[in-house]
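**Q** Please read through the structure below; I'll follow up with questions.
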Amino acid sequence: KNQVEQSPQSLIILEGKNCTLQCNYTVSPFSNLRWYKQDTGRGPVSLTIMTFSENTKSNGRYTATLDADTKQSSLHITASQLSDSASYICVVTFTSGTYKYIFGTGTRLKVLA
Amino acid sequence: NAGVTQTPKFQVLKTGQSMTLQCAQDMNHNSMYWYRQDPGMGLRLIYYSASEGTTDKGEVPNGYNVSRLNKREFSLRLESAAPSQTSVYFCASKPGQGAGGYTFGSGTRLTVV
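Read top to bottom, the protein sequences are chains A and B. Counting from 1 along the first sequence, just add 226 to a position and that's the residue number in my numbering. Counting from 1 along the second sequence, just add 34 to a position and that's the residue number in my numbering.
Below, the structure is given as structure tokens:
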């Protein structure tokens, strides 16, 4: 069964600290993996996209990694800011005739001053 | 650019009432989607329109209908609302049916009492 699991469900950190969010998937055949940021009351916004051959992708203080062999991805946030408080959603795309998308349940991050 | 615009932002319905959620995009995208987001679950696809003039069921279509009015607009209709349809609804668009990322609207929070 195609699934995307994220951990932890929620996380609280102090401003300025780093954190890492995890995404494990059992999706095949894999096409790409995206991380989205969803602010409260808003729609998700894409942060990064990685294909099978890419191991790492950065977007400012956000760095995503992908291990296609173990089917794991992580999103590392460096020097967190209050504005990083949001839900982070991992989305895996696979092909089944057409492209299909499996959404993880997200990690809710709270950054405290 | 507005991107994807959804109306209304909030709505309370009584069981059995009907309503239509409106969505419009100004990015000249061919494909449009309706998702629902429930606590503890990933976004789930209700219906999609790969291109103007076509619509298809997603993962959870029961109780909903859609209309692709033109290339810009894609509406979601609840004919007889049920408490199980209490959710946050997101409209999204993509350039096409390829593996590209979504642009999401800001959501409609619907409560059915």
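Even glycine gets a Cβ: it sits at the ideal position worked out from N, Cα and C. Computed from a prediction, not measured in an experiment: that's the story for all the values here.
Give the DSSP-derived three-state secondary structure of Ser-118/B in the structure shown.
**A** By 1-based counting over the second sequence, the position of residue 118/B is 84. Note: Ser-118/B maps to helix in three-state DSSP.
**Q** Under the three-state reduction of DSSP, which class applies to Asp-90/B: helix, strand or coil?
**A** Locating residue 90/B in the second sequence gives position 56, counting from the first residue. The answer is strand: DSSP assigns Asp-90/B an E or B state.
**Q** Going along the chain, which residues of its own chain have a beta-carbon closer than 6 Å to the beta-carbon of Val-230/A, five neighbours each way excluded?
**A** For the purposes of this step, residue 230/A is identified with residue 4 of the first sequence, where counting begins at 1. Excluding residues within five positions, the ones whose Cβ falls inside 6 Å are Tyr-251, Cys-316, Val-318, Ile-328 and Gly-330.
**Q** Counting C-beta neighbours from all protein chains within 10 Å, is the total for Leu-308/A 16 or more, i.e. buried, or is it exposed?
**A** Reading the first sequence from its first residue, position 82 is the one you call residue 308/A. The residue is exposed, with fewer than 16 neighbouring Cβ atoms inside 10 Å.
**Q** If we cut at 8 Å on Cβ distances, does Tyr-288/A have a partner in chain B?
**A** Stepping through the first sequence from its first residue, residue 288/A is reached at position 62. Not an interface residue.
**Q** Can you list the beta strand (DSSP E) stretches of 3 or more residues lying completely in the segment 303-332 of chain A, in chain order?
**A** You should have 312-322 and 324-329.
**Q** So Val-318/A contacts chain B; which residues on that side make the cut at Cβ distance below 7 Å?
**A** Numbered from 1 along the first sequence, position 92 holds the residue referred to as residue 318/A. Simply none; closest approach about 10 Å.
**Q** Among all the DSSP beta bridges, which residues are the ones paired with Leu-338/A?
**A** For the purposes of this step, residue 338/A is identified with residue 112 of the first sequence, where counting begins at 1. Its beta-bridge partners are Leu-240/A.
**Q** Which residues in the same chain as Glu-107/B place their Cβ atom closer than 6 Å to its Cβ, once the five residues preceding and following it in sequence are excluded?
**A** Here residue 107/B refers to the residue found at position 73 of the second sequence. Taken in chain order, the residues that qualify are Ala-58.
**Q** Along chain B, in chain order, which residues have C-beta atoms closer than 7 Å to that of Ser-272/A?
**A** Within the first sequence, residue 272/A is the residue found at index 46, counting from 1. Going along chain B in sequence order, the residues near Ser-272/A (Cβ under 7 Å) are Gly-135.
**Q** State the beta-bridge partners of Ser-127/B as determined by DSSP.
**A** Position 93 of the second sequence, counted from the start, is the residue given in the question as residue 127/B. Paired residues: Met-66/B and Thr-137/B.
**Q** Distance cutoff 8 Å, beta carbons only. Does Gly-242/A sit that close to anything in chain B?
**A** Indexing the first sequence from 1 puts residue 242/A at position 16. With 8 Å as the cut-off, Gly-242/A does not count as an interface residue toward chain B.
**Q** Taking the alpha-carbon of Thr-304/A as reference, which of Cys-245/A, Ser-233/A and Pro-234/A has the nearest alpha-carbon?
**A** One-based indexing of the first sequence puts residue 304/A at position 78. Comparing Cα-Cα distances from Thr-304/A to each of Cys-245/A, Ser-233/A and Pro-234/A, the minimum goes to Cys-245/A.
**Q** Show which residues of chain B have a CB atom less than 8 Å away from the CB atom of Val-230/A.
**A** As a first step, residue 230/A must be located in the first sequence, where it is residue number 4. Under the 8 Å cutoff, chain B gives Gly-76.
**Q** How far does the beta strand (DSSP E) with Ala-58/B in it reach, from first residue to last?
**A** In the second sequence, residue 58/B corresponds to position 24, counting from 1. First-last of the beta strand (DSSP E) with Ala-58/B: 53-59.
**Q** For the candidate residues Asp-72/B, Ala-116/B and Asp-60/B, whose alpha-carbon lies nearest to that of Asn-104/B?
**A** The count along the second sequence starts at 1 and reaches residue 104/B at position 70. Out of Asp-72/B, Ala-116/B and Asp-60/B, Asp-60/B has the C-alpha closest to the C-alpha of Asn-104/B.
**Q** I'd like to know whether the C-beta of Gly-97/B is nearer than 8 Å to at least one C-beta of chain A.
**A** For this step, residue 97/B is matched to residue 63 along the second sequence. Not closer than 8 Å to any Cβ of chain A, the Cβ of Gly-97/B fails to qualify, so no.
**Q** Which residues of chain A have a Cβ atom closer than 7 Å to the Cβ of Gly-153/B, listed in chain order?
**A** Because chain B spans 35 through 147 in this model, residue 153/B falls outside it and cannot be assessed.
**Q** Can you find the residues in the same chain that come closer than 6 Å, C-beta to C-beta, to Val-94/B, ignoring five residues on each side of it along the sequence?
**A** If you number the second sequence from 1, residue 94/B lands on position 60. Answer for Val-94/B: Arg-78 and Ile-80, listed in chain order.
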